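**Q** Okay, here's the structure, questions in a sec.
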Amino acid sequence: MAGKPVVKIDAITKLGVEKLAALVAGEAERNPGFRKLLKAALAGVKGPEAVAKLVDTRLASLERAQSTISWRRARSFAQDLDTIRVMIVDQLAPLSPTIGADRLLRFIASHESVFDRLNDSSDKVSTIYLEAIETLAELAAKLPAEDRRRLPERIMARLSDDGYGYLLQIVKAVAPTLPAEALLDWDQRFAPKSPAAAKREGVAAWESDRRLLMRQLLARARGDLDALVALEAMKSPASQDGFTMAQLLFDAGRFAEALDWLRKPRETGIRFVRRQDLADMAPAPPHPESIVRAQLEARILTALGDKPAAQALRWARFEAELDPAILRDYIAALGDFEEFEALDRAFAHAFNVKPPELGLAFLVVWPRLDKAAELVLAKDRRWDGRNFDLLAPAADALAEEHPLAATVLYRALVDDILARSRSQVYDQAAIFLAVLDALKDRLDADALAATGMPPHRAYMAQLRKVHGRKYGFWSLVPSDL
């Protein structure tokens, strides 16, 4: 977001014409970019054609250039490039949206040659082009009816061979501003004459899917759900988005079709797992997509009149994922007084699920901290400090009301960090020790003894005996602990 002006416009106008003119002339001498903008503003007095002539000169120079743009020149080049954009947007477009849109299209089309020359990994240049696309959409809404109708033709003339994905961005931005006739005409420009023709043209699968995506954007702008769904069916199976189609069809009240799309076989894709989690054998967290898909499928089944199947699905997903959201959906669909039995079943499942860290995480998030503490203190539980991402939040949540359960978890975390010499989280272990020191006076001695754990002072002595040579850790621990 742009910052506020250093000085206000009305204060500047009080300087008078001559003083302002002198300041502007001085800045133009010092600043080449400002000088170019000033020339465009002066040309604007003569009309849009005069400004367009200046813009054309800059664009022609940009299009002719072939030299490599090194990372050293990238910043100054981006400033010069943005000056052209500003000339079009601020000086030309207000005088003539039609001419402004034409030159802005020409400017956007220069991106391919610019990126071919650019040797810089920053996104300064791409941001300038994306801003130009946003402005093109704003200009499109201001064009006369005939110019708006012909805009797709002009866009395709400039960018039909785009290899950087900017045509897709333009379709997304401009389509909502166009009349239905223009949208249909644009759609035909992307449509192959026949599958055989597409094959003869050698259209790759990814390119075919990209064209279909652009046609879908046009169908959305027309409000044509049938076309949108038909185009999705034409994509390669790996590219189809059954969930989105199901959501759109569900919203339109077409429940049977929605269920068909949602249940289509799909490629699950790659899930990224941290190396540390693999080494720790940490339990995999619930996959967010599996939950939202189950929630939608249950809503569809309910709309189709099959509430028992919807509830069975919700419970099955809860048992598999222990996700609070889907359990809430399940409970919300129950009759009066049935929720208490359902919650008892849910808590019992959380106590018995493997690994137990998943059950603990659910009870903390639900929240039922009393049940979470009960699970932590169960005699048959041994908590593995390697599950840092699950145990640390649970310990923090329990510390206020259930200090003994929190102590069990904090000690498990500290023990694991030191046992495996995880120096990158020694600072966390030191914090946990400070919390344990704060909790020690709130512990019931008999309850602590029942856990088989030593008192805090004995625990600290044991740590110093076993891990006393881990100087990097002890340097982080306050001396009074």
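The working numbering puts the sequence shown at residues 147 to 627.
The beta carbon of each residue, even a glycine, is placed where N, CA and C say it ideally should be.
Small disclaimer: the values here were computed from a predicted structure and weren't measured.
1. For GLU378, count the other beta carbons within 10 Å of its own beta carbon; 16 or more makes it buried, fewer makes it exposed. Which is it?
2. Between the C-alpha atoms of ALA402 and ILE437, what's the straight-line distance to the nearest angstrom?
3. Identify whether LEU363 lies in helix, strand or coil by the three-state DSSP scheme.
4. When you compare only the Cα positions, how much space is there between LEU585 and LEU564?
5. Do the region 212-219 and the region 260-278 make contact, defined as three or more Cβ pairs closer than 8 Å?
6. Excluding sequence positions up to five away, which residues of its chain have a Cβ less than 7 Å from the Cβ of PHE253?
7. Considering only residues of the same chain and omitting the five flanking positions on each side of LYS616, which have a CB-CB separation below 6 Å?
8. At the level of alpha carbons, what is the spacing between ASP226 and SER207?
9. Buried or exposed for PHE578, please, with buried defined as at least 16 other CB atoms from any protein chain shown within 10 angstroms of its CB.
10. State buried or exposed for LEU285, treating a residue as buried only when at least 16 other CB atoms are found within 10 Å of its CB.
11. Please classify GLY505 as buried or exposed, where buried requires at least 16 other C-beta atoms within 10 Å of its C-beta.
12. If you drop the 5 nearest sequence neighbours on each side, which residues of the same chain put their C-beta closer than 8 Å to that of LEU297?
13. Taking buried to mean at least 16 other C-beta atoms within 10 Å of its own C-beta, is THR553 buried or exposed?
14. What are the partner residues of LEU264, as DSSP defines its beta bridges?
15. What span of residues does the alpha helix (DSSP H) with TYR312 cover, start to end?
16. Using a 10 Å radius around the Cβ and a threshold of 16 neighbouring Cβ atoms, would you call ARG557 buried or exposed?
17. To the nearest angstrom, how far is the alpha carbon of GLU443 from that of GLU465?
18. Please list the segments of the alpha helix (DSSP H) lying wholly inside the region 531-566, counting only runs of 4 or more residues, in order along the chain.
19. Where do the N-terminal and C-terminal ends of the alpha helix (DSSP H) with TRP407 fall, by residue?
20. For VAL571, which residues from the same chain have a beta carbon less than 7 Å from its beta carbon, with the 5 sequence-adjacent residues on both sides left out?
21. Rounded to whole angstroms, what's the CA-CA distance from ARG610 to HIS602? Just pull it up for me.
22. Do VAL201 and ARG263 have their CB atoms nearer than 7 Å?
23. Alpha carbon to alpha carbon, how far is LYS318 from GLN386? Give it in angstroms, no decimals.
24. Taking buried to mean at least 16 other C-beta atoms within 10 Å of its own C-beta, is ARG294 buried or exposed?
25. Look at ASP561 and GLY531 and say whether their C-beta atoms are less than 7 Å apart.
26. Measure the C-alpha to C-alpha separation of PHE534 and SER567 and round it to an integer number of angstroms.
27. Compute the beta-carbon to beta-carbon distance between ALA351 and SER306, rounded to the nearest angstrom, for a pair I have assumed lies under 8 Å.
28. From the DSSP output, in three-state form, read off LYS517 for me.
29. With a 10 Å radius around its C-beta and 16 neighbouring C-beta atoms as the bar for buried, classify GLN362 as buried or exposed.
30. Of the choices PHE223, ALA211 and PRO240, whose alpha-carbon is the least far from that of GLU195?
31. Which one of ALA507, ILE472 and ASP526 has the shortest CA to CA distance from GLU435?
32. Tell me which residues share the same chain as VAL510 and place their Cβ nearer than 8 Å to its Cβ, disregarding the 5 neighbours each side in the sequence.
33. Would you list, in sequence order, the uninterrupted alpha helix (DSSP H) runs of no fewer than 4 residues that lie entirely inside the region 598-624?
34. Going by the beta-carbon positions, is the gap between LEU364 and ASP406 smaller than 7 Å?
35. Can you find the residues in the same chain that come closer than 7 Å, C-beta to C-beta, to ARG439, ignoring five residues on each side of it along the sequence?
**A** Taking the coordinates as given:
1. Counted from its first residue, the sequence shown places residue 378 at position 232. So GLU378 ends up on the buried side.
2. Taking the sequence shown and counting its residues from 1, one reaches residue 402 at position 256. Taking the sequence shown and counting its residues from 1, one reaches residue 437 at position 291. Distance between the alpha carbons of ALA402 and ILE437: 20 Å.
3. In the sequence shown, residue 363 corresponds to position 217, counting from 1. Residue state, collapsed to three classes: helix.
4. Taking the first residue of the sequence shown as position 1, residue 585 is located at position 439. Taking the first residue of the sequence shown as position 1, residue 564 is located at position 418. When rounded, the distance between both Cα atoms is 20 Å.
5. yes
6. What you label residue 253 is simply residue 107 of the sequence shown in a count that begins at 1. Here the set comprises LEU205, ILE230, ARG231, ILE234 and ALA278.
7. As a working note, residue 616 is residue 470 in the sequence shown. Closer than 6 Å at Cβ, skipping near neighbours: no residue.
8. Taking the first residue of the sequence shown as position 1, residue 226 is located at position 80. Taking the first residue of the sequence shown as position 1, residue 207 is located at position 61. Taking the straight line joining both Cα atoms gives about 12 Å.
9. As a first step, residue 578 is located in the sequence shown; it is residue number 432 there, counting from the start. Classification for PHE578: buried.
10. Counting from 1 along the sequence shown, the entry for residue 285 is found at position 139. With 16 or more other Cβ atoms within 10 Å, it is buried.
11. Position 359 of the sequence shown, counting from 1, holds the residue named residue 505. Buried: at least 16 other Cβ atoms inside 10 Å.
12. Looking up residue 297 in the sequence shown gives position 151. Here the set comprises ALA247, ALA286, LEU289, VAL320, LEU324 and ALA328.
13. The residue labelled residue 553 in the question sits at position 407 within the sequence shown. That one is buried.
14. The residue you call residue 264 lines up with position 118 of the sequence shown. For LEU264, which the question treats as bridged, DSSP gives the partners ILE215.
15. Translated into the one-based positions of the sequence shown, residue 312 becomes position 166. Here the alpha helix (DSSP H) through TYR312 covers 312-320.
16. As a working note, residue 557 is residue 411 in the sequence shown. It is buried - the Cβ of ARG557 has at least 16 other Cβ atoms within 10 Å.
17. Along the sequence shown, read from residue 1 onward, the residue named residue 443 stands at position 297. Along the sequence shown, read from residue 1 onward, the residue named residue 465 stands at position 319. Distance between the alpha carbons of GLU443 and GLU465: 17 Å.
18. 534-544 and 549-565
19. Mapped onto the sequence shown, residue 407 falls at position 261. Where TRP407 is concerned, the enclosing alpha helix (DSSP H) stretches over 401-408.
20. Taking the first residue of the sequence shown as position 1, residue 571 is located at position 425. Excluding residues within five positions, the ones whose Cβ falls inside 7 Å are ILE563.
21. Along the sequence shown, read from residue 1 onward, the residue named residue 610 stands at position 464. Along the sequence shown, read from residue 1 onward, the residue named residue 602 stands at position 456. Spanning the two alpha carbons is a distance of roughly 12 Å.
22. In the sequence shown, the residue the question calls residue 201 occupies position 55. In the sequence shown, the residue the question calls residue 263 occupies position 117. Their beta carbons are not under 7 Å apart, which means VAL201 does not touch ARG263 by this criterion.
23. Here the question's residue 386 lines up with position 240 in the sequence shown. Here the question's residue 318 lines up with position 172 in the sequence shown. Rounded to whole angstroms, GLN386 to LYS318 spans 19 Å at the Cα level.
24. As a working note, residue 294 is residue 148 in the sequence shown. Buried, by the Cβ-count rule.
25. Residue 561 sits at position 415 when you count from the first residue of the sequence shown. Residue 531 sits at position 385 when you count from the first residue of the sequence shown. In this structure, GLY531 lies closer than 7 Å to ASP561 by Cβ.
26. Reading the sequence shown from its first residue, position 388 is the one you call residue 534. Reading the sequence shown from its first residue, position 421 is the one you call residue 567. PHE534 and SER567: Cα-Cα distance of roughly 14 Å.
27. By 1-based counting over the sequence shown, the position of residue 351 is 205. By 1-based counting over the sequence shown, the position of residue 306 is 160. The Cβ separation is near 19 Å, so there is no contact.
28. Counting from 1 along the sequence shown, the entry for residue 517 is found at position 371. The answer is helix: DSSP assigns LYS517 an H, G or I state.
29. Working through the sequence shown from its first residue, we reach residue 362 at position 216. With 16 or more other Cβ atoms within 10 Å, it is buried.
30. Numbered from its first residue, the sequence shown carries residue 195 at position 49. Checking every option, the nearest Cα to that of GLU195 belongs to PRO240.
31. Against the sequence shown, residue 435 aligns to sequence position 289. Of the candidates ALA507, ILE472 and ASP526, the one whose C-alpha sits nearest the C-alpha of GLU435 is ILE472.
32. The residue you call residue 510 lines up with position 364 of the sequence shown. Excluding sequence neighbours, VAL510 sits near ALA518, PRO539, ALA540, ALA543 and LEU544.
33. 602-613 and 617-620
34. Position 218 of the sequence shown, counted from the start, is the residue given in the question as residue 364. Position 260 of the sequence shown, counted from the start, is the residue given in the question as residue 406. Their beta carbons are not under 7 Å apart, which means LEU364 does not touch ASP406 by this criterion.
35. Taking the sequence shown and counting its residues from 1, one reaches residue 439 at position 293. These residues qualify, in order along the chain: PHE389 and LEU408.
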